[in-house]
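The structure under discussion appears below in the form of structure tokens.
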Amino acid sequence: MNFIFTFCGNGVRFTDKGFTRPKFLLKLNDNRTILEHILEAITLPEESNIHFLFNTKYRKFEQETLSVIEKITLPCGFTLNYNSDTTGQAETAFIAISQIDNDRPIIIMNNDTIIKQRDFNDIGERLYSGRACYVDLFEPKIKTSNFSYAKKHGDSITEIKEKEVISNYASSGLYGFSSGSFYKELYYTSSFYNDEKYISQVIEEAIIKNNDVFAHTIYNENQTIILGTPEQYHSHINR
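Everything in the sequence shown is counted per the UniProt record's numbering, starting at 1 for the first residue and increasing by one.
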């Protein structure tokens, strides 16, 4: 399986609040970075390929970033590339997928959410066995329009909307696709109706085309730590 970590955002919400370091290198109360927590919290299947795509503005932090990544025991090696600002996570993922030399299932994760207790072996098996897409869902205590929300029937996703509260179930920002080529096929035909291109809109395209999109477990906020805004970051470290 291919794991893609997207770090191409410009971090403007944090720089506007006076932060000078990349969000993923900010430290939590144990003096470890958000990036280290993200990597440590997930159990990667054997033979996983790890791909990091960073904004070129973060190149000056490369040695520090590498030192964080190398603290974690990864089952295989990793690649680290750079790209200029993108129009959103969906485009960042598209660029990263274009740099991968195989067509195995894809897991896409972002740079501001600590994901705990996910079974990636199970998710991978389902993607290998014919299910088209995976949406990782959790139930936030406070339903805000900061997330995308999905409706489900059984373990199938029937609808997903970005920044629109249509259910109690929000996306954590972790998504899976049966292959990179399938993701690119959906990306080309997706209707990106916001200024920013979101992967939820790629999932929406998969649903429109009657593909099998699943979410077998609903997680809670303790298993899904969102640190995407300065307010969320401060709230977490001041608990």
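A virtual CB, placed ideally from N, CA and C, is assigned to each residue, including glycine. Note that the structure is a prediction, hence the values are computed from the model and not measured.
Less than 8 Å between the beta carbons of residue i and residue j, yes or no?
i           : j           : result
residue 150 : residue 157 : yes
residue 107 : residue 176 : yes
residue 3   : residue 37  : no
residue 138 : residue 221 : yes
residue 90  : residue 199 : yes
residue 42  : residue 160 : no
residue 14  : residue 27  : no
residue 127 : residue 178 : yes
residue 33  : residue 44  : no
residue 1   : residue 105 : yes
Go through its chain and collect everything with a Cβ distance to residue i's Cβ below 8 Å, but skip five positions before and after it.
i           : result
residue 83  : 8, 53, 54, 55, 56, 92, 95
residue 244 : Only positions 1 to 239 of the chain appear in the structure, and residue 244 is not among them; the question remains open.
residue 240 : Because residue 240 is not part of the residues shown, which for the chain are 1 to 239, the question remains open.
residue 117 : 219, 223
residue 103 : 179, 180, 181
Less than 8 Å between the CB atoms is what I'm expecting for residue i and residue j, so what's the real figure, rounded?
i           : j           : result
residue 101 : residue 226 : Actually they are not in contact, since the Cβ atoms of residue 101 and residue 226 sit about 32 Å apart, beyond 8 Å.
residue 85  : residue 10  : 5 Å
residue 110 : residue 6   : 6 Å
residue 197 : residue 88  : 4 Å
Taking 7 Å as the line, does the beta carbon of residue i fall inside it for any heavy atom of the ligand SAM?
i           : result
residue 139 : With respect to small molecules bound, the structure shown includes none, and the ligand SAM cannot be examined in it.
Just the C-alpha distance for residue i and residue j, rounded to the nearest angstrom, thanks.
i           : j           : result
residue 71  : residue 64  : 11 Å
residue 145 : residue 194 : 14 Å
residue 134 : residue 20  : 34 Å
residue 35  : residue 80  : 14 Å
residue 129 : residue 136 : 18 Å
residue 121 : residue 188 : 29 Å
residue 99  : residue 212 : 26 Å
residue 69  : residue 62  : 10 Å
residue 162 : residue 184 : 20 Å
residue 173 : residue 73  : 23 Å
residue 238 : residue 166 : 31 Å
residue 208 : residue 31  : 45 Å
residue 147 : residue 192 : 16 Å
residue 229 : residue 168 : 21 Å
residue 233 : residue 58  : 20 Å
residue 164 : residue 119 : 28 Å
Is it buried or exposed, residue i, if we count other Cβ atoms within 10 angstroms and call 16 or more buried?
i           : result
residue 224 : buried
residue 60  : exposed
residue 124 : buried
residue 12  : exposed
residue 97  : buried
residue 66  : exposed
residue 152 : buried
Tell me which residues share the same chain as residue i and place their Cβ nearer than 6 Å to its Cβ, disregarding the 5 neighbours each side in the sequence.
i           : result
residue 190 : 201, 202, 205
residue 186 : 202, 205, 206
Taking 8 Å as the threshold (beta carbon to beta carbon), is residue i in contact with chain B?
i          : result
residue 47 : Among the chains of the structure shown, chain B does not appear; only one protein chain is present.
Counting only the same chain and skipping the five closest in sequence on each side, list residues whose C-beta sits under 7 Å from that of residue i.
i           : result
residue 155 : 214, 215, 216
residue 77  : none
residue 48  : 1, 3, 75, 76
residue 46  : 75
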